[in-house]
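Numbering (my numbering), first residue to last: 7 to 315.
Beta carbons are placed, not taken as given, at the ideal position from N, Cα and C, and that holds for glycine.
Notes follow once the structure below has been shown.
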Amino acid sequence: MKASQMSELIYSTGSLIPDEEVELAFETGGKIIGLYFKDGARVRKGDLLAKLNDEQLQAQLMKLKAQIKLSKEREFRQRQLLERGAASQEAYDQAATELQVIEADIKLLEARISETELRAPFDGVIGLRMISEGAIATSQTKIIRLVKISPLKVEFSIPERYAGELRPGFPIEFSLDGSKKSFSAVVYAIDPKVDMLTRTISVRAFYANDNEELKPGRFAQVKAILSEIDAAIAIPSEAVIPEMEGEKVFIYKNGLAIEKRVDIGLRTESHVQVRSGLEFGDTLLTTAILQLRHKSPVFLDTVIVGEVL
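Quick look at the structure:
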């Protein structure tokens, strides 16, 4: 045996999901008079995407703006008269209140007008249009889907026994069906609750997706590296014989099978780390080991350096 690098890995399956996703609808109802986007187009936060008819609201706003001009002049005159003692406090208060009411009405109307505009809440890519110009929309009518795919999230689950080992900041690798390329992501969030049915914990990682080459919804094969050991004694799992007192293996020495008690550490799908009980250079027996006894005579048919027999 010789020193080997060992990694404790978790394999899982997951999905690529958007960083942000929303189906956009108006806050109010009305006739759609404008759609200002193309299917599949990129948009920026705040871009105007669609517009409802607001002619009546605009007319009401113009009327209020005309009224507020007169109201401001009236409030100004009453304030000057009050300062000179030529008007009562009540007359001034009435003028000031009238001005405040009109100002509040204008703000309310401007808010209602803004509800006739559908704007992008974040940078993203427009999906397929769900409605046409001229249609009557309500607050329940879906207009378009907006998706942010840079970065993407990789969502997967791990067994609950690894809850304390995988943490935010851990790197993971994932691959996609139909592609041999491997992608790197970083864990950013771990669900604090274990799923009671599957006994697993949901994990999410960020993948930059700068070129937006990957699309959400794809199936991902995920590999997470929990720990690495540079110089480990690594032996095949099938070479270990479990017993009530612990684990044992057999090594070859001077024509005999010598039983060795071993302390097992890291485990992978095919190998285990031996923390004590073996030394570099030992020749491990791996075939027909269940028939062996301590100091049984053996004959080596093949010796593979760095591997186990």
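So what does residue i bridge to, in DSSP terms?
i, result
"G40", "K57"
"K254", "I247, R267"
"T289", "Y258"
"K12", "Checking the sequence shown, residue 12 turns out to be Met, not Lys. DSSP, once it has assigned bridges, lists I235 as partnering M12."
"E26", "K154"
"R224", "Beta-bridge pairing links R224 to no other residue."
"E123", "K57"
"T19", "Q227"
"P242", "H277"
"A143", "G36"
"G130", "V49"
What span of residues does the alpha helix (DSSP H) with residue i cover, start to end?
i, result
"V107", "95 to 120"
Could you give the residue range of the beta strand (DSSP E) that holds residue i?
i, result
"G271", "262 to 273"
"T206", "206 to 213"
"V304", "Counting along the chain, V304 falls outside any beta strand (DSSP E), and DSSP gives it neither H nor E."
"F203", "For clarity, residue 203 is Leu in the given sequence; the question names Phe instead. Segment: none, L203 is in no beta strand (DSSP E) and carries neither H nor E."
"K159", "150 to 165"
"F180", "177 to 182"
"R281", "277 to 282"
"A195", "188 to 196"
"R135", "Note, R135: premise wrong, no beta strand (DSSP E); not H, not E."
Nearest-angstrom Cα distance between residue i and residue j?
i, j, result
"Y194", "E251", "41 Å"
"F180", "D307", "41 Å"
"L70", "E29", "35 Å"
"S163", "L203", "13 Å"
"L41", "V228", "40 Å"
"Q66", "L115", "8 Å"
"D25", "K154", "6 Å"
"F212", "I137", "33 Å"
"N59", "E96", "42 Å"
"E27", "L152", "6 Å"
"V314", "S18", "Unreliable positioning characterises V314 in this predicted model, as indicated by a pLDDT of 41, which lies under 50. A coordinate reading is not provided."
"S145", "G133", "19 Å"
"V49", "F43", "8 Å"
"I142", "R80", "42 Å"
"D288", "Y168", "32 Å"
"L296", "R281", "22 Å"
"V278", "R210", "28 Å"
"G184", "G20", "15 Å"
"E61", "G130", "30 Å"
"N260", "T293", "18 Å"
"A268", "P242", "For the sequence presented, residue 268 should be read as Val rather than Ala. Rounded to whole angstroms, V268 to P242 spans 13 Å at the Cα level."
"F305", "A230", "41 Å"
"L124", "L87", "47 Å"
"M12", "A237", "8 Å"
"R299", "I264", "8 Å"
"K187", "S276", "23 Å"
"K78", "G35", "34 Å"
"G91", "Y98", "11 Å"
"S94", "F82", "14 Å"
"P222", "I196", "20 Å"
"M68", "Q106", "17 Å"
"L220", "K159", "11 Å"
"K301", "F286", "21 Å"
"P177", "G170", "15 Å"
"D274", "D45", "The question names Asp, but residue 274 is Thr in the sequence shown. T274 and D45: Cα-Cα distance of roughly 47 Å."
Hey, would you say residue i sits closer than 7 Å to residue j, going by beta carbons?
i, j, result
"A245", "V255", "yes"
"I257", "L290", "yes"
"K148", "A31", "yes"
"I207", "E161", "no"
"L22", "A226", "yes"
"I235", "E253", "no"
"E33", "E104", "no"
"R118", "L63", "yes"
"P157", "N215", "yes"
"R135", "I112", "no"
"I38", "E139", "yes"
Measure the beta-carbon distance from residue i to residue j and round it to whole angstroms, keeping in mind my assumption that it falls under 8 Å.
i, j, result
"R224", "L284", "So it is not a contact: roughly 44 Å between Cβ atoms."
"L232", "I16", "6 Å"
"A14", "L172", "Just to set this straight, residue 14 is Glu in the shown sequence, not Ala. Wrong, their Cβ atoms sit about 11 Å apart, outside the cutoff."
"K51", "P127", "7 Å"
"A101", "Q73", "The Cβ separation is near 13 Å, so there is no contact."
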